[in-house]
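At position 189 of the sequence shown (counting the first as 1) the number is 190 in my numbering, and the numbers step up by one without a gap.
Have a look at the structure below before the remarks.
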Amino acid sequence: MRAREMLKDKIKLLCDALNNLADEPLTFMEVCGTHTVAIYRSGLRSLLPKNVSLVSGPGCPVCVTDQGEVDAAIQLANKGDLIFATYGDMLRVPGTKGSLQDLRARGADVRVVKSCDEALNLALKNPTKEVAFLGVGFETTAPSTAAVILEAAEREVENFSVLCFHKLVPPALRLLAGSKELKVDGFILPGHVSVVLGVAPYMFLPRDFKVACAIAGFEALDIMEGIVELARQVRYKDFKVSLLYARAVKPEGNPLAQKLVRRVFDEADARWRGLGEIKKSGLRLKAEFSRFDAAAKFDLRIEEVPLPSGCKCGDVLMGKITPQQCPLFAKRCNPDDPVGPCMVSSEGSCAACYKYSHKV
Ligand code: SF4
């Protein structure tokens, strides 16, 4: 009880500080899906002064997987005589013609794994079958995919491949910071991605765009501290990347994880759901590992596919609208019958908004 009171007091102090600092309308974006969920769950928005707004960004890895990529995954899983391994969150993401879950119900061998490592083990246990793993996620999951590819190469595994749709956060931030349609005064940078990246890859934001940046943890208090720091940077024009999550993030990040990614992947242009193609925002297997590239191995074409009719995932992911402003929210699109991945993923803005803000 006492701890709860102390927390309340600390949040109140931070709210007071924010009130004093925010002397103009400010819009901050939380980039990471885990932050988005924490903000909805804690009801933090209701504590902010009227002139401080929080918008959500493209930090949910499932949500930014392009419609064409989802369709390609479903096409591959439907090939027959193949084990298709995926993280659980991707199972219910609707493609143009159904989801991986629908496919599984019709008999396709789609398995949920917790890691790429588990998918490689499936390949080792089933040497007569091809196993393809759906590699999605940001800088957080890419190192483990890289480590597994290296292991598969060393063990000369021939029946394993990765459909590689990993994405990189800083190029998307560059797009958002440079957008003429958006006015974002500061970013709450993603905590987990920063554990891998450290501080340096974000430095272009304050330098080139004069935008405030803070790497914050995931508790309500952490996020509130981040917001106050962003307001302070704007007020005093002291733009920088403040590391407020030092208990988990080192300034240099995780050099071993960075090295693994560099060893296995090259940067490549990638399409993000609703955001379009972003230069060098994806990862492609280097030529020496191309035998593990599922798209090449199975001759898959990743088509440019429009979003489902009426779905505003792109605008939600860019912070242009709130989930409630999508005309399908809580009507045609709901957690039981989602239209877009933002309503499927546990880190999706629409799912979090529905769970914590929507009154049925
Ligand atoms: Fe897409 Fe549904 Fe969110 Fe609308 S409510 S943006 S349709 S996921």
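Glycine included, C-beta positions come from ideal geometry on N, C-alpha and C.
Nothing here was measured: the structure is a model prediction, and the numbers come from that model.
Since valine 111 sits in a beta bridge, which residues does DSSP pair it with?
Within the sequence shown, residue 111 is the residue found at index 110, counting from 1. DSSP lists Phe85 as partners of valine 111.
Would you say glutamate 31 and phenylalanine 188 are within 9 Å of each other, going by their C-beta atoms?
In the sequence shown, the residue the question calls residue 31 occupies position 30. In the sequence shown, the residue the question calls residue 188 occupies position 187. Result yes, Cβ atoms of glutamate 31 and phenylalanine 188 sit closer than 9 Å.
Can we say the stretch 32-52 touches the stretch 339-358, given the rule of at least three CB pairs closer than 8 Å?
Segments in contact, yes.
Sorted by chain position, which residues of the same chain lie with C-beta nearer than 6 Å to aspartate 270's C-beta, five sequence neighbours on each side aside?
If you number the sequence shown from 1, residue 270 lands on position 269. So the list reads Glu278 and Lys280, once near-sequence residues are dropped.
Less than 9 Å separating the beta-carbons of valine 149 and valine 345?
As a position in the sequence shown, residue 149 is number 148, starting the count at 1. As a position in the sequence shown, residue 345 is number 344, starting the count at 1. No, these two residues do not count as a Cβ contact at 9 Å.
Considering only C-alpha positions, which residue in the set Pro336, Asp316 and Asp337 is nearest to cysteine 327?
If you number the sequence shown from 1, residue 327 lands on position 326. Ranking Pro336, Asp316 and Asp337 by Cα distance to cysteine 327 puts Asp316 first.
How big is the Cα-Cα spacing for tyrosine 88 and serine 347?
Mapped onto the sequence shown, residue 88 falls at position 87. Mapped onto the sequence shown, residue 347 falls at position 346. Cα-Cα distance, rounded: 12 Å.
Any beta-carbon of chain E closer than 9 Å to the one on glycine 60?
The structure shown contains no chain E; it is built from a single protein chain.
Check each candidate in Val242, Val235 and Ile216 and name the one with the smallest Cα separation from arginine 395.
Coverage of the chain is limited to positions 2 through 361, which leaves residue 395 absent and any answer about it impossible.
Is methionine 91 a contact residue of ligand 1, with contact defined as CB to any heavy atom under 8 Å?
Locating residue 91 in the sequence shown gives position 90, counting from the first residue. Methionine 91 Cβ: outside cutoff for every heavy atom of ligand 1.
Measuring from the CB of valine 317, is there a heavy atom of ligand 1 at a distance below 8 Å?
Looking up residue 317 in the sequence shown gives position 316. Valine 317: yes, Cβ under 8 Å from ligand 1.
Figure out for me which residue from Cys214, Lys184, Thr142 and Leu121 has the closest Cα to the Cα of asparagine 255.
The count along the sequence shown starts at 1 and reaches residue 255 at position 254. The shortest Cα separation from asparagine 255 among Cys214, Lys184, Thr142 and Leu121 belongs to Thr142.
For the beta strand (DSSP E) containing alanine 271, list its first residue and its last residue.
On the sequence shown, position 270 is the one that residue 271 refers to. Unbroken beta strand (DSSP E) run through alanine 271: 266-273.
Quick check: what's the CA-CA separation for valine 170 versus alanine 288?
As a working mapping, residue 170 is identified with position 169 in the sequence shown. As a working mapping, residue 288 is identified with position 287 in the sequence shown. In a straight line, the C-alpha of valine 170 is about 23 Å away from that of alanine 288.
Within 10 angstroms of its Cβ, does proline 252 collect 16 or more other Cβ (buried), or is it exposed?
Locating residue 252 in the sequence shown gives position 251, where the first residue counts as 1. Label assigned to proline 252: exposed.
For glycine 311 versus leucine 329, is the C-beta distance shorter than 9 Å?
To locate residue 311, count along the sequence shown from 1; it is residue 310. To locate residue 329, count along the sequence shown from 1; it is residue 328. Cβ distance < 9 Å, so glycine 311 and leucine 329 count as in contact.
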